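Undergrad: Protein chains in written order, with the numbering used here: chain A, 828 to 1159; chain B, 43 to 361; chain C, 234 to 527.
Beta carbons: idealized from backbone N, C-alpha and C, even for Gly.
In this text, all values refer to a predicted model and were calculated from it rather than measured experimentally.
Can you read through this structure? Questions will come right after.
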């Protein structure tokens, strides 16, 4: 490959719960992907697919009880897992920042929002209290919050959901990070607000030149926002590639299922086909392909071993041993 | 911000019937004495003349409601009656004792916070870990030990054996007061801190697992800054009301502890009055303590409101 | 180890997992078991006091006063030459009896008042809550000490004094529970089905709200025992020379510099007692309301 060194690379990352005397319960299994400078990368999957945990592992915010079992995360050549926590805290904000799903709970309820935005710039940019507050108000204006100077003195519960998420975005971008991690940032919002927030994120990432990792269950959002994507199922990446390639020509039955079960505004008359069944229990993982129990194309061979992610073309991979036979001759 | 304190007048108004009830209870105390209160108070020292004089002093010859209203009337003029032992106004001794006990309570509260905040923080960072277990043992022991016994043990260890602090008394100057009050305050703090630690531990665990702490970490916050600014600031809020409720318990405890350490506060005043059957003094101390508890309750609501911007007692316009 | 009956039981457990959670839990509840063992042992000692106490707890023997532990007097003797161990054993009778008995009246009275107030609401509820607020203004010890003084020292006064105050807590707890339960659909259904208020309270509300009151009763016993020993320490408790832990500490405090164990050991016994009772309380709260614990 001739691509320049990526901004972030996740290499064979596995996450899980370790309990003494038990085999670890693997939640994210052998996940690898890279994100280039300024790239917008989407991770799509159902809840429980491990997409949010992967994001939290990059941010160093794994919940208590869940640990990295193997693999590494490299940011600009630095292995994040072997970086000291103090050095890592210096990265969080000016290099990597994060926007969470639920802006009500993600904002500190007893601190004024302006102060919360100013906290990062004061720490990382060495700004005075007044300068940091001025920057916070400027960032709030950039995210389209009307009357920012007054709103900066508000507490989170005094603002609407859309405004709160704009606050989160202003906070995340206040130190001009090179990588913005977004965990379903629009899911908790009203549909009308979702679109505005999405546009805002795109525009600001362009303005600031930040790369974006966008975790969502909503394919349409990825289609609008991202350059490349990875589809996750039960802790595995089952398919990855450029967004338009994957949408035009999905190569994994699960991706196809996702596309068929999501409404498509270009073809409003198309019937929606839900995927039968439920994701597997991770503590009791079936041998073979995790999707096989729900897959209408499953063959006996699918139950033998977990399929590896195979490269189809540069930047395009799929983890399905039957992919060729299923999708051969299927019209794109 | 301050408009949220508009609830205070209403809150005060709601306290009025409680205060009224408290005065009735205190007033009725004398009638709980078996038989004739005057005879009961004087005991074997009761000559017919003295009994008659005491009945006159307590107004026992009048109908109950007349007695009550003259009791209230005198209270409103700040007259708490005269001591049955030395015939001097009770308010004199009472107002000497009040600052002593208030200092003791405040000191105990400060020590309790100094003990509780780090212990709760340590316990909460790794729930069910070894250090959490140690803290839990401390809270179990703290709750299981009688307060006066803790005081005696501290006297034995710290005052008698190590000779670090006096066995009892109050000292003469302000700094001496603090020096003499340290052990009694520590005793009260030890018995109060388990409740604070339990509450603070639970709310700290909740705060540590919260999204906003994850957000703060994603801004590069960590260590003590994270703990004070984001965790403690939220975790302290439910603990405030726990402390408010338990201050009453602390006042009760201080009565016994003042006895153990010979601190000349309300508790010593009350117990001395009990042993000398000085009924008016007992009434006055009980009344003051009850009013203090009511005031602390109101103050707790005010502090709670100031700390938590989401609470709004005064208006329902915001959801 | 595993009998067929037990296997059958476990199999049934799996099927009715949620409904029989409390049944499954009791023998796996270490805190309940530890508490029952400790408190059971103490009760046994109290019951068997006349048999196991080596000496008469009140008989004075001034020639053998203030003996150090050892010899015939394992824990030494007090200033009147009374055997400390025997007084501890007999003291268990007094303190445990009063502690357990003092809970009964407040538990019943407070629960009934709280249930009625919560169920019927209205003016009755307002009056009860007003009284509750008034009582909460008086700290427990203040009220107990004053009431015991007014009623005269002695066991009956202690019961009356504690009962007069501690019913309030039960009323408040049960009322709060009733307010939650009475909105549930099955209560509404029972009323609509023509069941009388009395039957609804006894059959449906009672069993659902009592668990919190029972759990509280355990910590209330601890509180009462603390009050009893405190009264004993202040000289307002059970009249001397009856052996009682609090008054033993008072007697021992005089000799704290020479015979530290005299004041220390009764306190340790009280600590063990309240630990046992708290463990039972913790275990019961696990058992009776598992959904409340996280």
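1. Can you grab the Cα-Cα spacing for the pair residue 290 of chain C / residue 509 of chain C, in whole Å?
2. If we call anything under 8 angstroms between Cβ atoms a contact, is residue 512 of chain C one with residue 265 of chain C?
3. Is it right to say residue 478 of chain C is buried, meaning 16 or more other beta carbons lie within 10 angstroms of its own, or is it exposed?
4. Could you check what DSSP says for residue 1118 of chain A in three-state terms: helix, strand or coil?
5. Based on Cα-Cα distance, which residue from C:358, C:388, C:519, C:403 lies nearest to residue 332 of chain C?
6. So which of A:904, A:1069, A:840 has the shortest CA-CA distance to residue 833 of chain A?
7. Give the residues from the region 290-306 of chain B that approach chain C closer than 7 angstroms (Cβ to any Cβ), ordered along the chain.
8. Can you tell me whether residue 333 of chain C is helix, strand or coil according to DSSP?
9. So that I know if they touch, is there some Cβ in chain A lying closer than 8 angstroms to that of residue 350 of chain B?
10. Can you name the start and end residues of the beta strand (DSSP E) that residue 1063 of chain A belongs to?
11. What separation, rounded to the nearest whole angstrom, lies between the Cα atoms of residue 993 of chain A and residue 519 of chain C?
12. Taking one C-beta from the region 1139-1149 of chain A and one from the region 1060-1068 of chain A each time, how about it: are there three or more such pairs within less than 8 angstroms?
13. With DSSP run on the structure shown, which of helix, strand or coil describes residue 902 of chain A?
14. So residue 869 of chain A is in the beta strand (DSSP E); what residue range does that whole segment cover?
15. Counting pairs of Cβ atoms below 8 angstroms between the region 405-420 of chain C and the region 375-392 of chain C, do you hit three or more?
16. Do the region 487-504 of chain C and the region 393-407 of chain C meet, that is, are 3 or more Cβ pairs less than 8 angstroms apart?
17. Can you tell me which of the three DSSP states residue 860 of chain A falls into?
18. Kindly list the residues whose CB is nearer than 6 angstroms to the CB of residue 318 of chain C, restricted to its own chain and excluding five residues on each side of it in sequence; keep chain order.
19. Assign residue 1137 of chain A to one of three DSSP states: helix, strand, or coil.
20. Which residues in chain C have a C-beta closer than 7 angstroms to the C-beta of residue 75 of chain B? List them in chain order.
21. Express the C-alpha separation of residue 368 of chain C and residue 53 of chain B in angstroms, rounding to a whole number.
22. Restricting to Cα atoms, I'd like to know which of C:336, C:465, C:505 is closest to residue 449 of chain C.
23. In the DSSP assignment, the alpha helix (DSSP H) including residue 1131 of chain A goes from what residue to what residue?
24. Please list the terminal residues of the continuous beta strand (DSSP E) segment that includes residue 839 of chain A.
25. Starting from residue 1007 of chain A, trace the beta strand (DSSP E) both ways and give me its first and last residue.
26. What three-state label does DSSP hand residue 257 of chain C in the structure shown?
27. Can you find a C-beta in chain B that's less than 8 angstroms from the C-beta of residue 500 of chain C?
28. Is residue 374 of chain C near residue 190 of chain B, with beta carbons less than 8 angstroms apart?
29. Leaving out five residues before and five after residue 1109 of chain A in sequence, what residues of the same chain have Cβ atoms less than 8 angstroms from its Cβ?
30. Hey, is residue 234 of chain B's beta-carbon within less than 8 angstroms of any beta-carbon in chain C?
31. May I ask you to verify whether the region 225-240 of chain B touches the region 141-159 of chain B, counting CB pairs closer than 8 angstroms and requiring at least 3?
32. Please name the residue in B:265, B:339, B:330, B:200 whose C-alpha comes closest to that of residue 289 of chain B.
33. By the 9 angstroms beta-carbon criterion, what residues does the region 243-271 of chain B contribute toward chain A?
34. Use the C-beta contact count for residue 1132 of chain A: other C-beta atoms within 10 angstroms, 16 or more gives buried, fewer gives exposed.
35. Using a Cβ-Cβ cutoff of less than 7 angstroms, which residues in the same chain neighbour residue 454 of chain C once the five nearest sequence positions on both sides are dropped?
TA: Quick answer:
1. 25 angstroms
2. yes
3. buried
4. coil
5. C:388
6. A:904
7. 290, 291, 293, 294, 295, 297, 298, 301
8. helix
9. yes
10. 1063-1069
11. 43 angstroms
12. yes
13. strand
14. 867-871
15. no
16. no
17. strand
18. 307, 308
19. strand
20. 383
21. 18 angstroms
22. C:336
23. Note, residue 1131 of chain A: premise wrong, no alpha helix (DSSP H); not H, not E.
24. 835-844
25. 1006-1010
26. The pLDDT assigned to residue 257 of chain C is 49, lower than 50, so where the model puts this residue is not dependable; a value taken from the coordinates is nonetheless given after this. Residue 257 of chain C falls in the helix class under three-state DSSP.
27. yes
28. no
29. 852, 853, 854, 875, 1061, 1062
30. no
31. yes
32. B:339
33. 250, 251, 252, 253, 254, 255, 256, 257, 258, 259, 260, 261, 262, 263, 264, 265, 267, 271
34. exposed
35. 332, 333, 336, 510
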